[in-house]
Amino acid sequence: VRGQLKHGEKVLIHAGTGGVGTAAIAIAYSYDCEVFTTVSSIEKREYLKKLFPRLNDEHIANSRDTTFEQQIRFVTKGKGVDIVLNSLAEDKLQASVRLLAQHGRFLEIGKFDLSQNNPLGMSIFLKNTTFHGILLDSLFENANDDWLRVHQLVEQGIQNGVVQPLHSNVFNANEIEQAFRYMSQGKHMGKVVIK
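Per the working numbering, residue 495 is the first one in the sequence shown, and the count goes up by one each step.
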């Protein structure tokens, strides 16, 4: 909604194997976008390639360092991307900001840099870019136009098959400690669910 995604744009979606990342990739592909994503392991890279056969190695980069910046610059011939959906922090956030093309939109869904009041740098706005801080956990607190638009988009996505159930790792209520341990290892894909 805030990113105003258009057909054929170049999009960088960090943490592609997470629930938000996987859903965002599916939506971007439904708009025939060129998708770049980052992952933290070879297993996650292979998982995404199976889930999204259009996604190739040159469009999947490492989320553990800033090498994704050079990789995406090379593939886009220096032009960068139209939209960044970011959940990375500090130097990786800065590298992501530098990847914005003219009139690019940056959607910050991570909380670390926002809560730490980390500096951004104003020069990126010389490219007529926009920056949106989005707190996903409070997006639906108040019914507003964004909430209604997201609801409509999800409903349409379910009807046309773009929105699919996310991969989930399910733990029983008595396994909360194991669930947190599993999640803290950073190896999970999709969502961790306690039933």
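The beta carbon of each residue, even a glycine, is placed where N, CA and C say it ideally should be.
Identify the continuous alpha helix (DSSP H) that holds T516 and give its terminal residues.
-> For the purposes of this step, residue 516 is taken as the residue at position 22 of the sequence shown. If you look at T516, you'll find it in the alpha helix (DSSP H) that goes G513 to S524.
Hey, how far is the Cα of T623 from the Cα of Q498?
-> The residue labelled residue 623 in the question sits at position 129 within the sequence shown. The residue labelled residue 498 in the question sits at position 4 within the sequence shown. Roughly 13 Å separates the two Cα atoms.
Return the Cβ separation of I507 and G515 in integer angstroms, given the expectation that the two are a contact with Cβ distance under 8 Å.
-> Within the sequence shown, numbered from 1, the residue matching residue 507 stands at position 13. Within the sequence shown, numbered from 1, the residue matching residue 515 stands at position 21. Contact holds; Cβ gap of about 5 Å.
Measure how close the beta-carbons of I566 and L593 come, nearest whole angstrom, since I'm counting them as under 8 Å.
-> Along the sequence shown, read from residue 1 onward, the residue named residue 566 stands at position 72. Along the sequence shown, read from residue 1 onward, the residue named residue 593 stands at position 99. The pair is a contact, with the Cβ atoms about 6 Å apart (cut-off 8 Å).
Taking the alpha-carbon positions, what's the S557 to Q646 distance?
-> The count along the sequence shown starts at 1 and reaches residue 557 at position 63. The count along the sequence shown starts at 1 and reaches residue 646 at position 152. Each residue's Cα considered, the two are about 32 Å apart.
Sheet register partners of I577 (DSSP bridge) | In the sequence shown, the residue the question calls residue 577 occupies position 83. Looking at the DSSP output, I577 bridges to V505 and R599.
Can you tell me whether N611 is buried or exposed, with buried defined as 16 or more other CB within 10 angstroms of its CB?
-> Reading the sequence shown from its first residue, position 117 is the one you call residue 611. By the C-beta density criterion, N611 is exposed, having fewer than 16 other C-beta atoms within 10 angstroms.
Measuring CB to CB, does G627 end up less than 8 Å from L614?
-> Within the sequence shown, residue 627 is the residue found at index 133, counting from 1. Within the sequence shown, residue 614 is the residue found at index 120, counting from 1. The criterion of a C-beta distance shorter than 8 Å is not satisfied by G627 and L614.
How would you call S617, buried or exposed, if buried means at least 16 neighbouring beta carbons within 10 angstroms?
-> Indexing the sequence shown from 1 puts residue 617 at position 123. Counting Cβ neighbours within 10 Å, S617 comes out exposed, since fewer than 16 surround it.
Consult DSSP for S557 and reduce its assignment to one of helix, strand or coil.
-> Start at 1 with the first residue of the sequence shown, and residue 557 comes out as number 63. In the three-state DSSP reduction, S557 falls in the coil class, being neither helix nor strand.
4-residue-minimum alpha helix (DSSP H) runs that sit fully inside the segment 628 to 669, ordered along the chain | Fully enclosed alpha helix (DSSP H) runs of 4 or longer: 639 to 654.
Taking DSSP as the reference, what is the three-state secondary structure of L594?
-> Locating residue 594 in the sequence shown gives position 100, counting from the first residue. Strand, per DSSP.
So what's F546 in DSSP terms, helix, strand or just coil?
-> Start at 1 with the first residue of the sequence shown, and residue 546 comes out as number 52. Of the three classes helix, strand and coil, the one that applies to F546 here is coil, per DSSP.
For V687, the nearest candidate out of S662, Y523 and D559 (CA to CA) | Walking along the sequence shown from the start, residue 687 turns up at place 193. Among S662, Y523 and D559, the Cα nearest to that of V687 is on S662.
Would you check if there are 3 or more beta carbon pairs closer than 8 Å linking the segment 598 to 606 to the segment 569 to 576?
-> Yes: the two stretches touch, three or more of their Cβ pairs being nearer than 8 Å.
Can you have a look at A667 and say buried or exposed, based on whether 16 or more other CB atoms are within 10 angstroms of its CB?
-> Here the question's residue 667 lines up with position 173 in the sequence shown. Exposed is the call here.
By Cβ distance below 6 Å, which residues in the same chain neighbour A520 in space, the five residues on each side in sequence not counted?
-> Indexing the sequence shown from 1 puts residue 520 at position 26. Hits under 6 Å: V656.
Taking the alpha-carbon positions, what's the K621 to Q564 distance?
-> For the purposes of this step, residue 621 is taken as residue 127 along the sequence shown, with counting starting at 1. For the purposes of this step, residue 564 is taken as residue 70 along the sequence shown, with counting starting at 1. So the alpha carbons of these two residues sit roughly 19 Å apart.
Taking 7 Å as the line, does the beta carbon of F674 fall inside it for any heavy atom of the ligand COA?
-> In the structure on display, the ligand COA does not appear, and there are no ligands present to speak of.
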